[in-house]
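Remarks on the structure that follows.
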Amino acid sequence: LKLDGVSSLSAFVSAAVEALDYAVTMGAKISSNSWGLGYGESSSAALDAAIAAAGEAGHLFVCAAGNDYGDNDESSMFPCTYEHENVLCVAATNSDDDLASF
């Protein structure tokens, strides 16, 4: 589901939760989420709960690790650093298998 034209962080999170809930309801077993809320204090209890509920339904939530060469263990990048077994955090690499530079 496309998350376009959202003007604020809270509206984006609401749209992301709604999209994930819809995907799970429609039977999707995996979602690709190539977006992030940013580093630091962008955590959302609603999104955290939606990802957890999706996991309970057997849904794999694949998400972006971020494009800033950051260490997600030192500085959280959400939703990548939510600690659920169904979260798969991935990074982009170039043809040499080095981190991509976007």
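Heads up: the sequence shown begins at 870 in the numbering used here, then just goes up one per residue. Where is the CB? At the ideal position from N, CA and C, for every residue including glycine.
Query raised in the report: Per DSSP, what kind of secondary structure is residue 886 in: helix, strand or coil?
Result: helix
Query raised in the report: Do you know offhand how far residue 928's Cα is from residue 949's?
Result: 15 angstroms
Report task. With DSSP as the reference, label residue 893 as helix, strand or coil. Result -> helix
Query raised in the report: On the premise that residue 923 lies in contact with residue 893, defined as a C-beta separation below 8 angstroms, what is that separation, rounded to the nearest angstrom?
Result: 5 angstroms
Query raised in the report: Between residue 900 and residue 916, which are expected to be in contact by the criterion C-beta below 8 angstroms, what is the C-beta distance as a whole number of angstroms?
Result: Rounded, the Cβ-Cβ distance is 12 angstroms, inconsistent with contact.
Query raised in the report: Among the residues of its own chain, which have a CB less than 7 angstroms from the CB of residue 972, if the five just before and after it don't count?
Result: No answer is possible for residue 972: it lies beyond the span of the chain, which begins at 870 and ends at 971.
Query - Close Cβ partners of residue 906 (< 6 angstroms) along its chain, the five nearest in sequence each way excluded - result: 947
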